[in-house]
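Working notes, beginning with the structure itself.
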């Protein structure tokens, strides 16, 4: 039997924090990060194509999507909105899924947590907006937390690339 570590915020904190500043108004950054019609232009690895299958943008709502690699490999994912505080905070869970939207284990490891809780906070500073993202294993086992923690540097590198794509997309929107 899997012993689950409680809801987010209980017990010893863990996870990965990434910060990045963008030279855009706070409201634009918040919209581009929270709205699926924008996500498909920047979310995920460079060269992948994101296809939104369904979307329900509200707390408790979900976005079901696929990401296709340049080689044609398809990964399905599910994003569930937990909290949306306009221009302040965006909280959501992320999970791998199948075509029907059922949560699955990660294709690369059975030890990867089923869900990751992501908390994004926004702070305007002059003509810059600072984004702080904290991701952590959610409702998981100690072994899964340890496995997730072992990937910290890989995840940070992945988000650095994703944030580069986000920066490029934001620049296109402001032209």
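Residue numbers (this note's numbering): 2 to 176.
We put the CB at the ideal spot given by N, CA and C, even for glycine.
For residue 119, does the three-state DSSP call read helix, strand or coil?
Start at 1 with the first residue of the chain shown, and residue 119 comes out as number 118. Note: residue 119 maps to strand in three-state DSSP.
Please give the ranges of any beta strand (DSSP E) in the segment 119-157, keeping only runs that are unbroken, at least 3 residues long and fully inside the region.
As summarised for the segment 119-157, the continuous beta strand (DSSP E) elements at least 3 residues long and confined to that stretch are 129-139, given in chain order.
Reduced DSSP category for residue 1 - H, G, I as helix; E, B as strand; rest coil:
With the chain running from 2 to 176 in the structure shown, residue 1 is simply not present.
State the Cα-Cα distance for the pair residue 119 and residue 44, rounded to the nearest angstrom.
Counted from its first residue, the chain shown places residue 119 at position 118. Counted from its first residue, the chain shown places residue 44 at position 43. One C-alpha to the other measures close to 14 Å.
Under a three-way DSSP split, which group does residue 10 fall into?
Looking up residue 10 in the chain shown gives position 9. At residue 10, the pLDDT of 38 sits below 50, so the modelled position is not reliable and the matter cannot be decided from this model.
Within 8 Å, strictly: CB atoms of residue 30 and residue 133
The residue labelled residue 30 in the question sits at position 29 within the chain shown. The residue labelled residue 133 in the question sits at position 132 within the chain shown. Pairing residue 30 with residue 133 gives a Cβ-Cβ distance that is not under 8 Å.
Please state the DSSP three-state secondary structure of residue 164.
If you number the chain shown from 1, residue 164 lands on position 163. The three-state secondary structure of residue 164, taken from DSSP, is helix.
Give the single residue among 26, 91, 170 and 169 whose Cα lies nearest to the Cα of residue 59.
Against the chain shown, residue 59 aligns to sequence position 58. Checked all of 26, 91, 170 and 169; the closest Cα to residue 59 is 91.
Under 8 Å between the Cβ atoms of residue 114 and residue 81?
As a position in the chain shown, residue 114 is number 113, starting the count at 1. As a position in the chain shown, residue 81 is number 80, starting the count at 1. Not in contact: residue 114 and residue 81 (Cβ atoms no closer than 8 Å).
Can you tell me whether DSSP reads residue 112 as helix, strand or coil?
Position 111 of the chain shown, counted from the start, is the residue given in the question as residue 112. Residue 112 falls in the coil class under three-state DSSP.
Candidates 26, 78 and 40, of which the one nearest residue 99 by Cα:
For the purposes of this step, residue 99 is taken as the residue at position 98 of the chain shown. Looking only at 26, 78 and 40, the smallest Cα-Cα distance to residue 99 is reached by 78.
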